[in-house]
Amino acid sequence: YTGEDGFEVFGPVEPIATLWDLITADLNASPAGLGARDSLRLEAGLPLYGHEIDEATSPFEAGLGRFVKLDKGRFLGVDTLREHASRQPTRKLVFLQMLEPGAIPRSGGEVLSTNQTVIGKVTSGGYSPIFRSGIALAYVATTLADPGTLLQVKVRDRLMLALVASRPSAKSIRGTST
Numbered sequence: 002y003t004g005e006d007g008f009e010v011f012g013p014v015e016p017i018a019t020l021w022d023l024i025t026a027d028l029n030a031s032p033a034g035l036g037a038r039d040s041l042r043l044e045a046g047l048p049l050y051g052h053e054i055d056e057a058t059s060p061f062e063a064g065l066g067r068f069v070k071l072d073k074g075r076f077l078g079v080d081t082l083r084e085h086a087s088r089q090p091t092r093k094l095v096f097l098q099m100l101e102p103g104a105i106p107r108s109g110g111e112v113l114s115t116n117q118t119v120i121g122k123v124t125s126g127g128y129s130p131i132f133r134s135g136i137a138l139a140y141v142a143t144t145l146a147d148p149g150t151l152l153q154v155k156v157r158d159r160l161m162l163a164l165v166a167s168r169p170s171a172k173s174i175r176g177t178s179t
């Protein structure tokens with residue numbers, strides 16, 4: 002979910018409290034809250050249901066087409082997916098890195114071309130400790146979705162510069178090959 006190693010543990014309170022004490026003391030593990038989880042997901046460029054993906058989003062728009070196997074026989078939605086696969090999507094999910102200090106994009110923020118035409122919307126955004134800047138996932142017009150494209154994002158009623166970047170992987174962010 003975040004690209005990091007981690008666990009969620011569910012159970013009755015008493016044994017969980019004992020397990021918590023053992024894990025945090027003996028293994029030198031640290032707890033992480035929802036804010037850490039969300040920034041890790043965003044830094045890894047991972048889509049979240051209800052934000053980047055939902056019933057109205059094609060997997061081909063979201064960059065998930067490689068997971069769709071149209072040749073695996075009949076299944077619910079196969080005809081619609083075949084239709085989507087046969088045409089170029091009009092929008093594409095991109096990773097944006099903000100270029101101005103203090104520019105922290107938020108979900109719902111407009112994305113504009115450099116000539117100030119609205120071409121998309123931020124689906125998830127926040128500050129990245131790894132990149133030391135604001136970052137976002139956003140749907141933008143396919144014609145302006147290539148890495149290296151300069152765009153603008155509306156942040157607190159101000160237009161701030163952003164760069165379409167290659168979507169990172171958790172491995173590339175951690176600097177490891179595992």
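Residue 2 is where the sequence shown starts when you use our numbering, and the numbers rise one by one after that. The C-beta atom is built at its ideal place from N, Cα and C for all residues, glycine as well. In this text, all values refer to a predicted model and were calculated from it rather than measured experimentally.
If you draw a straight line from the alpha carbon of residue i to that of residue j, how long is it in whole angstroms?
i	j	result
THR179	SER129	At THR179, the pLDDT of 39 sits below 50, so the modelled position is not reliable; the number obtained from the coordinates is stated separately. Their Cα atoms are separated by approximately 22 Å.
VAL141	GLN153	11 Å
TYR50	ASN116	31 Å
LYS93	GLY64	7 Å
THR118	LEU97	17 Å
VAL156	GLU111	8 Å
GLU44	ASP55	20 Å
GLU53	SER114	20 Å
GLY103	SER134	7 Å
I'd like to confirm the pairing. Which residues does DSSP put opposite residue i in its beta bridges?
i	result
GLU111	LYS122
GLN153	LEU113, LEU162
GLY127	ILE136
VAL141	LYS93, GLY121
Report the CB separation of residue i from residue j in whole angstroms; it is logged as a contact under 8 Å.
i	j	result
GLY4	LEU47	6 Å
PHE61	ALA33	No, PHE61 and ALA33 are not in contact; Cβ-Cβ is about 33 Å, not under 8 Å.
Original post:
So, do the region 70-85 and the region 113-131 have three or more beta carbon pairs nearer to each other than 8 Å?
Top reply: no
**OP:** Could you name each continuous alpha helix (DSSP H) segment of 4 residues or more that falls completely within the region 27-103, going from the start of the chain to the end?
**Re:** The region 27-103 contains these whole alpha helix (DSSP H) runs: 35-44, 79-86.
Original post:
Is the region 31-38 in contact with the region 75-86, if contact means three or more CB pairs nearer than 8 Å?
Top reply: No: fewer than three Cβ pairs fall under 8 Å.
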